[in-house]
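Worksheet for the structure shown next.
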Amino acid sequence: MAEQAIKDRTAVVGIGTTEFTRASGRTVVDLATEASLRAIGDAGLVPEMIDGVVTHFWDPDTVPPRDVIQALGVKQCNYQVYNALGGTWACSAVATAAMAVHAGMATHVLVYRAFNGRSGRPPRRRTAAGADQWMDPFGVAHAAARFGPLVTAYMEHFGVSNRDLGHVAVMHRSHALVNTKAMMGKPLTIEEHQESRWIAYPFRALDCCLRTDGAAAVIVTSVDRARDLRWSPVLVMAVMGGSLSTQYGTLGTSHVWQTNGVHAAPALFTGAGIAAQDVDLAELYDPFTGMCLLHMEDFGLAPEGGSVATIKAGDADLDGNMPVNTHGGLLSEAYTNGLGHVIEAVQQLRMGGVVDDLCEGEHDFDRSRCRQVREAEIALVCSECGDSSLILRRG
Amino acid sequence: MMAVERMLPVVDPDSAPFWTSCAEGRLTMQRCAYCGSFRWPPNSYCPHCHERGGEWTALEGSASVVAYTVVHQAFDPGFASTVPYVVAWLTLDGTEPELRMIGNIVDQDPERVRVGLRVEAGFMPVEEGLAIPVFRPAVHTRADGIGA
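Chains as they are written, first to last, in this note's numbering: chain A, 261 to 655; chain B, 189 to 336.
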């Protein structure tokens, strides 16, 4: 494989979110519109300039692009995608927008993810059809039961304990404390983690991500167009978005706990023309503490079985060798289904850096108020099981 | 018949032979008539040689746990009275390539489930003509001593 043809041809130029809450009391289209308007404004654009719209969802929990197009007053939409792959697809959403721009189909593509993910859960299905007949009748009704087995197998093999997972939760929380968007604003201790109730072994409540009402959005355009906009562009170096079934053993990985990331990572890094050690920070899908560990290892950011040691040594902290989930992730910022990870990477990489930490002036790297990573040039972002991923760099 | 309010499978043309044999108390898996490869979940075409169709072959029902989770909070109300329960990924003896299916481990203290646990299939009737496979710790051990 060679470097991707799309390398450095497109850029993320705008980001926006709503407030993240437990009960918004608002419609999903309202949330989507607010986040979209914020991202469009952040880019220095106006809604009439949007000509492509991409979103992803899980279950029927969101609104389709046509509703948001209507709400924004978009005059001509050349490309839309309404994708059902949920948390696996956040990086693919950005990749899809970049591809539409690179293909010349659209100039300014809006990507949004909006849902009342806590207050507005869809009603329970009554029957399990298709692939669901091999899951729901066996009590696999929740992501914890779906992904728990991978993490249990990993933990038994490497001798990792649930207390070790607590260090992952504490690391995420420490980053959320300097994120004004974060739902979780109090420090977390290992003891509090250990006292939280079991959801599905190996996960306690504090190993599980938040549930959130809210929306997030980004704007993708061409690198040439990006030069004229408000911020320094954050360039899309490489994109990946494939998947193979994990639970049936058809993935072809060496170990049962490995995710699609082991396949995606070599192609992603080659596509970007870099190596894993060139990455300055990583925003990795963290629906559960243990899944973040698997993603760290599958993308080569920690040795096999070594991600807990990496975190305990502080290497995933803001001043570590490989800062991970610098916004607090799904565990402590909000459950944005992965678009929040993209937004954080963009903030870290663009001129001026993070805007929603507690710094009032220049970033001073005082970790009681500043979450800007020093000399951040290249970021890795990955979605659920490494099924989609991005390399972004400062433009 | 046990009254179990769990989410039931929608039997389809691909899966019907599996569910029928479960109701008859047999664990069967689909095997390609052309290349002999086993496959799971059920599909019309062999993913190895792409021949259509296949034979449903009875297995002994013995299996090994390769991964598991112990569910303490039932997100499906149908499992509210079942917690804590074990969801395991199981490799099935006698399949090549080795098949992996999801199943519940029953009659076993969830705290004592480990990777490598040897189990045997049984069947729990849930309604007329429909039974869900369940797995219990194996009484017998294999000739190679695994699970001893």
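The beta-carbon is built from N, C-alpha and C at its ideal position, and this holds for glycine as well.
On a predicted model such as this, the values are computed, not experimentally measured, just so you know.
C-beta neighbour in chain A for residue i, strict 8 Å
i                 : result
Asp297 of chain B : no
Phe226 of chain B : no
Ala331 of chain B : At Ala331 of chain B the pLDDT is 49, less than 50, meaning the model places this residue with poor confidence; the figure from the coordinates comes in the next sentence. For Ala331 of chain B, the answer is no, since every Cβ of chain A falls outside 8 Å of its Cβ.
Asp281 of chain B : no
Thr270 of chain B : yes
Arg300 of chain B : no
Thr208 of chain B : no
Arg194 of chain B : yes
Val275 of chain B : yes
Phe267 of chain B : yes
Gly335 of chain B : Bear in mind that a pLDDT of 44 at Gly335 of chain B, under 50, signals an unreliable position, so the number given afterwards is only what the model happens to contain. For Gly335 of chain B, the answer is no, since every Cβ of chain A falls outside 8 Å of its Cβ.
Met189 of chain B : Interpretation of Met189 of chain B is limited by its pLDDT of 41, a score under 50 that renders its predicted location unreliable; no figure is taken from the coordinates.
Residue from the options whose Cα sits closest to the Cα of residue i
i                 : options                                   : result
Thr278 of chain A : A:Ser649, A:Leu590, A:Ala476 and A:Ala536 : A:Ala476
Ala525 of chain A : A:Asp546, A:Gly501 and A:Thr322           : A:Gly501
Pro285 of chain B : B:Glu308, B:Val274 and B:Gln218           : B:Gln218
Leu578 of chain A : A:Arg282, A:Gly612, A:Tyr595 and A:Asp617 : A:Asp617
Gln393 of chain A : B:Thr279, B:Val271 and B:Met289           : B:Met289
Leu425 of chain A : A:Gly531, A:Asn338 and A:Lys572           : A:Lys572
Arg385 of chain A : A:Asp396, A:Ala391, A:Asn376 and A:Gly377 : A:Asp396
Ala255 of chain B : B:Ala204, B:Gly241 and B:Trp277           : B:Trp277
Gly521 of chain A : A:Ala363, A:Asp558 and A:Gly612           : A:Asp558
Ile479 of chain A : A:Leu470, A:Val494, A:Asp467 and A:Cys469 : A:Val494
Glu416 of chain A : A:Tyr461, A:Gly580 and A:Ser379           : A:Tyr461
Gln296 of chain B : B:Ala268, B:Met312, B:Pro325 and B:Val271 : B:Pro325
Pro382 of chain A : A:His402, A:Asp321 and A:Pro307           : A:Asp321
Phe311 of chain B : A:Phe398, A:Gly390 and A:Ala569           : A:Phe398
Environment of residue i [buried if 16+ CB atoms lie within 10 Å]
i                 : result
Gly445 of chain A : exposed
Gln537 of chain A : exposed
Ser648 of chain A : buried
Thr412 of chain A : buried
Cys223 of chain B : exposed
Asn376 of chain A : buried
Arg194 of chain B : buried
Met556 of chain A : buried
Glu604 of chain A : buried
Asn292 of chain B : buried
Tyr233 of chain B : exposed
Met431 of chain A : buried
His238 of chain B : exposed
Gln632 of chain A : buried
Gln608 of chain A : buried
Met365 of chain A : exposed
Pro235 of chain B : exposed
Arg302 of chain B : exposed
Ile651 of chain A : buried
Glu644 of chain A : buried
Met582 of chain A : buried
Closer than 7 Å at the beta carbon, the chain A residues around residue i
i                 : result
Ser203 of chain B : Gln393
Tyr233 of chain B : Within 7 Å Cβ-Cβ: nothing; Tyr233 of chain B doesn't reach chain A, min ~14 Å.
Ile290 of chain B : Trp394, Met395, Phe398, Val400 and Gln507
Val198 of chain B : Thr387, Ala388, Ala389 and Gln393
beta-carbon residue i near the ligand FMN non-hydrogen atom, thresh 7 Å
i                 : result
His402 of chain A : Only the bare structure without any ligand can be found here, which leaves the ligand FMN out of the picture.
Contact with chain B by residue i, beta-carbon distance below 8 Å
i                 : result
Leu466 of chain A : no
Val420 of chain A : no
Ala404 of chain A : yes
Val516 of chain A : yes
Within chain B, partners of residue i - CB distance below 7 Å
i                 : result
Ile459 of chain A : His260 and Gln261
Ala429 of chain A : Within chain B, no residue comes near Ala429 of chain A; the closest Cβ sits about 17 Å away, beyond 7 Å.
Val522 of chain A : Here the premise fails: no neighbours, minimum Cβ distance about 16 Å.
Ala413 of chain A : Val254, Ala255 and Val303
Contact set between residue i and chain B, taken where Cβ atoms lie within less than 8 Å
i                 : result
Pro600 of chain A : This sequence places Gly at residue 600 of chain A; Pro is not what is there. Going along chain B, no residue has its Cβ under 8 Å from Gly600 of chain A, so there is no contact; the nearest lies around 23 Å.
Leu410 of chain A : Ala255
Val272 of chain A : Those within 8 Å of Val272 of chain A in chain B number zero; the least Cβ separation is about 35 Å.
Glu416 of chain A : Arg302 and Val303
Under 9 Å from the C-beta of residue i: neighbouring residues of chain A
i                 : result
Ile320 of chain B : Pro397 and Phe398
Per the contact definition of three or more C-beta pairs closer than 8 Å, is the region 255-263 of chain B in contact with the region 317-324 of chain B?
Judged by Cβ distances under 8 Å, the region 317-324 of chain B makes no contact with the region 255-263 of chain B, as fewer than three pairs qualify.
Below 8 Å, how does it come out for the region 267-274 of chain A and the region 478-491 of chain A: are there three or more Cβ pairs, yes or no?
Cβ pair count under 8 Å is three or more, so yes.
Would you check if there are 3 or more beta carbon pairs closer than 8 Å linking the region 296-307 of chain A to the region 326-333 of chain A?
Output reads yes: the region 326-333 of chain A touches the region 296-307 of chain A.
Check whether the region 428-441 of chain A touches the region 370-380 of chain A, taking contact to mean three or more Cβ pairs, one atom from each stretch, closer than 8 Å.
Segment contact: the region 428-441 of chain A against the region 370-380 of chain A, fewer than three CB-CB distances shorter than 8 Å; contact not assigned.
With a threshold of 8 Å, are at least 3 pairs of Cβ atoms found where one atom belongs to the region 542-550 of chain A and the other to the region 586-601 of chain A?
Yes, the region 542-550 of chain A touches the region 586-601 of chain A.
Within 8 Å, do at least three Cβ pairs link the region 236-252 of chain B to the region 302-310 of chain B?
Pairwise C-beta distances place the region 302-310 of chain B in contact with the region 236-252 of chain B, as three or more of them are shorter than 8 Å.
At least three beta-carbon pairs within less than 8 Å, the region 304-315 of chain A to the region 401-411 of chain A
Using a C-beta cut-off of 8 Å, the region 304-315 of chain A makes no contact with the region 401-411 of chain A, since fewer than three inter-stretch Cβ pairs fall below that distance.
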